[in-house]
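The working numbering numbers the first residue of the sequence shown as 70 and each following residue consecutively.
The beta-carbon is built from N, C-alpha and C at its ideal position, and this holds for glycine as well.
As the structure is a prediction and not an experimental result, all values here were calculated from the model.
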Amino acid sequence: MIRIENLTYKKGSRTILEKVNLDIADGEFVSLIGPNGAGKSTLMKIILGLLSGYEGSVTIDGVDHRRWVKTHNFGYVPQKETFDPLFPATVADTVRLGLMKGRLFPPRDSRRRIAAALEYVELGGFENRFVGELSGGEFQRVLLARAVAADSICFFLDEPESNVDKKGVSRLYTILARLKEEGKTIVNISHDLQTAFAASDTIVCLNKTLHSHTRPELLSADVVTKTFGNAIRLLEKDHV
Ligand SMILES: Nc1ncnc2c1ncn2[C@@H]1O[C@H](COP(=O)(O)OP(=O)(O)O)[C@@H](O)[C@H]1O
Ligand SMILES: [Mg+2]
């Protein structure tokens, strides 16, 4: 279980996250929603151990998350703009990183494991392609394959619908559903509310503070309106 207690994060004099308390159960598929600037990506990066200087605590199965990541892998699909398309690595190189935790050399069966992980994300035979040549959706799935190869139990995705076409999004959600069936925990930041609601066990509404963490069918319109504030009008326009 991921337990976030009293998490506050400030950047200079600005409070980005305030007293966030959140438990994510093993095997839970949670979608994190909120307007731009709500602190969703920040919260995700803190859990992943990518940002320091917060108040409060983040534990995984009772262990401080910074200690946990030394021996476990998180799956992480960041927002598209953080990728370098010219990075000269092949798909196999990238997936292999998932097998390298605490090792100097890859395990003996790494070829087979890389191939299996690529099959899992429907990218069988992609080993020698350069990651810079892939579409956004294919690259997302390579990152998932890396986490699958690493036997990750938690997968984090930051707005995976951005820069991916409809077919890519539906393929991705099929893979996420399969991971969920196998008991993996999935934390998904999404601006596609319909898709998120259909796929998720729970929805977290965040806008600096936590407004709600509940099953989609129990989420009230009031809470959504309060979370999004003025941004809700933009949101409605998107869905016309
Ligand atoms: N590196 C940074 N430096 C300064 N401010 C930042 C930085 N990253 C994020 N912020 C600010 O923190 C707030 C939350 O950002 P973010 O977590 O990216 O929100 P979201 O993902 O919900 O859109 C925003 O107001 C943003 O301007
Ligand atoms: Mg974000």
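DSSP places Phe-266 in the uninterrupted alpha helix (DSSP H) bounded by 262-268. Between ligand 2 and Lys-109, a heavy atom-to-CB distance of less than 6 Å is present.
Within its own chain, the residues whose Cβ lies closer than 6 Å to the Cβ of Val-190, once the five positions on either side in sequence are excluded, are Arg-210, Leu-213, Ala-214 and Ile-244, listed in chain order.
Cβ contact annotation for Glu-196 (same chain, cutoff 6 Å, sequence separation greater than five): Val-160 and Ala-161, in chain order. Close CB contacts of Asn-142 within its chain, under the 7 Å cut and outside five residues either way in sequence, are with Gly-167, Lys-170, Ala-216, Ala-219 and Ser-221 (chain order). In this structure, Thr-254 sits near Asp-95, with a CB-CB distance shorter than 7 Å. In this structure, the straight-line span from the alpha carbon of His-282 to that of Pro-229 is close to 21 Å. Among the bridge pairs identified by DSSP, Arg-182 is matched with none. Using a cutoff of 6 Å, the CB of Ile-102 does not count as near ligand 1, since none of the ligand's heavy atoms is closer than that. Cβ atoms of Leu-248 and Phe-224 come within 8 Å of each other, at about 6 Å.
Nearest Cα to Trp-137 within the set Leu-117, Tyr-123 and Leu-173: Leu-117. Minimum Cα-Cα distance from Phe-98 among the listed residues Lys-277, Arg-182, Asn-257 and Ala-290 corresponds to Asn-257. One Cα belongs to Pro-285, the other to Arg-177, and the distance between them is close to 44 Å. Going by beta carbons, Asn-299 and Ala-107 fall outside the 7 Å limit. Taking the Cβ atoms as the reference, Ile-129 lies roughly 5 Å from Ile-71, within the contact range of under 8 Å. For Glu-124, the uninterrupted beta strand (DSSP E) segment begins and ends at 124-129. Annotation for Ile-183 indicates a beta carbon at 6 Å or more from all heavy atoms of ligand 1. Going by beta carbons, Tyr-242 and Ala-265 fall outside the 7 Å limit.
Residues Pro-175, Ser-179 and Ile-183 of the same chain have their beta carbon placed closer than 7 Å to that of Arg-165, with the five preceding and five following residues left out of the count.
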